[in-house]
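2 protein chains.
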Amino acid sequence: MNRSATLADVAREAGVSLATASRVLNGSTRVVGEQLRERVLTTAAELNYSANAAAQAMVRGHLDVVGVVVHDIADPYFSSIAAGVMERAEQAGLLVALSSTLRQPDREADYVAAFRRQRVRAVILVGSRTTDPAQLARLRTEVERFESGRGRVAAVSQRRLPIDTVVVENRAGARALAEELVALGYRRFGVLAGPSHLLTAVDRLAGFRNGLAHHGITIDDDHVVGGEFTRDGGYVATGELLRRKVDVSCIFAVNDVMAVGAMAALRDHRMPPPRRMAVAGFDDIATLRDVTPRLTTVRVDLEDLGRTALDLVLGEPGRTPRTRMARCEVVLRESTPATR
Amino acid sequence: MNRSATLADVAREAGVSLATASRVLNGSTRVVGEQLRERVLTTAAELNYSANAAAQAMVRGHLDVVGVVVHDIADPYFSSIAAGVMERAEQAGLLVALSSTLRQPDREADYVAAFRRQRVRAVILVGSRTTDPAQLARLRTEVERFESGRGRVAAVSQRRLPIDTVVVENRAGARALAEELVALGYRRFGVLAGPSHLLTAVDRLAGFRNGLAHHGITIDDDHVVGGEFTRDGGYVATGELLRRKVDVSCIFAVNDVMAVGAMAALRDHRMPPPRRMAVAGFDDIATLRDVTPRLTTVRVDLEDLGRTALDLVLGEPGRTPRTRMARCEVVLRESTPATR
DNA sequence: CACTCCTTGGAAAACGCTTTCCGAAGAAGG
DNA sequence: CCTTCTTCGGAAAGCGTTTTCCAAGGAGTG
């Protein structure tokens, strides 16, 4: 057998019409008599018949696949969200096609286009929108094109496109964290702000500032260092912060992986956290819950973001794009001990 | 526009035949005159034409998609390998469909079947084979069916199926680790062995034992504890080991995430590593390189496993299934200090 | 100038399925 | 016993491409 059996093969072998074979093998409202039904089923099994999804997609108009675009699948933030999506997709009998932009935000639009070619049922855009209006415009165009077919689109990020969106309360979370840190006695902060074009980073910084402002605390501009949204980004940024000899007692990294980089850098500079410097992060990445000192952070239920996004995209479309807010919760741990 | 433009639409609008339009828009060896070429291109752009991949798949017989099956995408081990696959796939212009068995090995065969329906070009099975012969038989059947179409299959794991395989030198790596630990002065070991049905776990344990045997050291059976292949599995297993009050000075966890769980458990039992107990892992997971004390482990270039697997599956098939050995390298760090 | 060879465009046949429309046969109703 | 419904099987028309085969015209060749 160097070519897989087709429905026609099965029908011929079973001595029935194509229509009957199709009705038996691939769900239909129509009933088929027990006799024929049985015959079709057994011949299909004998021939190893496997429906050609492409052919089905052609006549049905869409494929039972949902496309997911993330920035970096090796980053636990994204892989956790992806896990949530896949969990739900599995329940719905959908396959998940996953693409990674490798942190080049302009690739997102390319992948949406690729998914349009595939006529996938839905696309989920996971990850921060950017501040670049041109990128946004291009993405919006592709999204509209995709939707003008039968496709659905949702995002896990900020609400910048007219599509269903699961938005993480980055500002509120960061604000709450700031307040808690102040309550613990911290007053002088440094911030590892991440890339300035990523709204997630921007929002978390803004929320943090806002929380401090409530207590009359401000952060000097040279206490805020940008950098990559990665462990190494956090490491480098922390080095820069120390080089500036700023007078701070607590470093807020806008995500956990950067916070871990920061702790490593502090150690390398003989300022081991938390005694010489407190550190806080954001996300509560599961894999990082065991670093020492245990990291104060803001918990986001990442898998749930993925689940919710898939639910949105599979459910009835609303008359107007919906927004689901995802709560965050401050988790205080050893990396930010109460001061004295 | 509530239905996307088809090739026929473009052809009609541009006043050319379907054949010509197809040749212009979707690569072909045939040359089309500059005039027509131009006309087709502009009308396609105007109409927002996007080739229907399903239709192309039907006539070509396969989709430009590669399926990947992992055990748990949220586990950094798998997400790193997946990142490698995706990196290469991107270069080859392929989409990646990712499925997670959620650690139920019997689901692998199901996903291979699903990918067969999709007529994806290739499938990569990532993750340990098991010791269950029934599971293996079922998987083999599905793999053969898949291959009897035009599909290619490769695995990242042990060589148990007649397909191209990237095999991690688990035994050699674990043996080398054992020898290094002995050289550091350790003699009494406990092992967190993971699930006994996973060959990866089994092989690492066997290799470790083998390395110790070279030095006349054996491990008592009650110094070996099974458990889940996860952080919590490591935590629980360590608790069990301590409860047994075995006399050991070093714990070898068959993967890093378990090792991290072990360190947490040790701390909770007031036996902080490495002073009260040394710990070693396996994999050198990037996200875990910053735990303290830094973890002694065996480095595997995970992303490279993924890249290699994709290369195998896209390259010319060998006359007979090929095997690519992936080297491991012992990395000694602070979690296993030299004993005086 | 007659012939062959190339180049380029088009018609039409697949590819494997779903679904609409028909028709036959049996059941129900008068 | 005739008519009207049901029920169930089959023929055939797509779905949107690619690709083979033809044909026409122009460029080379002797």
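Heads up: the protein sequence lines correspond to chains A and B, in order. The opening position of the first sequence corresponds to residue 1 in the working numbering, with each subsequent residue numbered one higher. The opening position of the second sequence corresponds to residue 1 in the working numbering, with each subsequent residue numbered one higher. Glycine residues also receive a C-beta, built at the ideal position from the N, C-alpha and C atoms.
- A Cβ of chain A is located within less than 8 Å of the beta carbon of I73/B.
- Interface criterion met: the Cβ of G149/A is under 8 Å from a Cβ in chain B.
- According to DSSP, D283/A shares a beta bridge with R299/A.
- In the three-state DSSP reduction, S100/A falls in the strand class (E or B).
- DSSP places M58/B in the uninterrupted alpha helix (DSSP H) bounded by 53 to 60.
- The distance from the Cβ of I124/A to that of V168/A is about 14 Å, inconsistent with a contact at the 8 Å cut-off.
- The contact set of D290/A on chain B, defined by CB atoms closer than 8 Å, consists of R231, V260, G261, M263, A264, V291 in chain order.
- Non-local C-beta neighbours of R175/B in its own chain, meaning closer than 6 Å and more than five positions away in sequence, comprise G207, N210, G211, ordered along the chain.
- Per DSSP, reduced to three states, the secondary structure at D132/B is coil, with no helix or strand assignment.
- Remark: C-beta atoms of T296/B and A280/B approach each other more closely than 8 Å.
- The three-state reading of DSSP puts V85/A in helix, counting H, G and I together.
- Contact residues of the stretch 85 to 110 of chain A toward chain B are M86, E87, E90, L95, V96, A97, L98, S99, S100, L102 (C-beta to C-beta distance below 8 Å).
- Within a 10 Å sphere around the beta-carbon of Q104/B sit fewer than 16 other beta-carbons, which makes this residue exposed.
- Relative to R270/A, the option among G216/A, G239/A, E38/A whose CA is nearest is G239/A.
- Of all residues in the stretch 43 to 58 of chain A, only N48, S50, A51, N52, A53, A54, A55, A57, M58 place a beta-carbon less than 8 Å from a beta-carbon of chain B.
- Taking S335/B as reference, the option from V10/B, E142/B, P272/B with the minimal CA-CA separation is P272/B.
- Among the CB atoms of chain A, one or more fall inside 8 Å of the CB of S4/B.
- Take the alpha-carbon of P162/A and the one of E108/B: they are about 38 Å apart.
- Annotation: L184/A is outside any alpha helix (DSSP H) and is labelled neither H nor E by DSSP.
- Taking a Cβ-Cβ threshold of 7 Å, the residues of chain B close to A82/A are I73, in chain order.
- Closer than 8 Å to the CB of P76/B there is at least one CB belonging to chain A.
- In terms of beta-carbon proximity, R270/B stays away from the interface with chain A, with every pair separated by 8 Å or more.
- The three-state reading of DSSP puts V16/A in coil, since its state is none of H, G, I, E or B.
- Listed along the chain, the chain B residues whose CB falls inside 9 Å of the CB of T287/A are A74, D75, P76, R231, V257, V260, I285, T287, L288.
- Residue range 189 to 194 is occupied by the beta strand (DSSP E) that includes L192/B.
- Between D72/B and S100/B, the beta carbon gap of about 6 Å places them in contact (Cβ cut-off 8 Å).
- Among the residues of chain A, those whose CB is under 7 Å from the CB of S79/B are I73, A74, S79, following chain order.
- Here the C-alpha atom of L305/B lies approximately 22 Å from the C-alpha atom of Y77/A.
- At a cut-off of 8 Å between beta-carbon atoms, A114/B makes contact with chain A.
- DSSP, reduced to helix, strand and coil, places R204/B within a helical segment of the structure shown.
- Under a criterion of Cβ atoms nearer than 7 Å, the residues of chain A adjacent to L63/B are, in order, A54.
- Taking C-beta atoms as the reference points, L199/B and R140/B fail to come closer than 8 Å.
- In this chain, the beta strand (DSSP E) harbouring A326/B covers 323 to 326.
- Taking a 10 Å sphere around the C-beta of T287/A, we find 16 or more other C-beta atoms and assign the residue as buried.
- Taking C-beta atoms as the reference points, A97/B and V68/B count as a pair closer than 8 Å.
- Judged by DSSP in its simplified three-state form, T29/B adopts coil rather than helix or strand.
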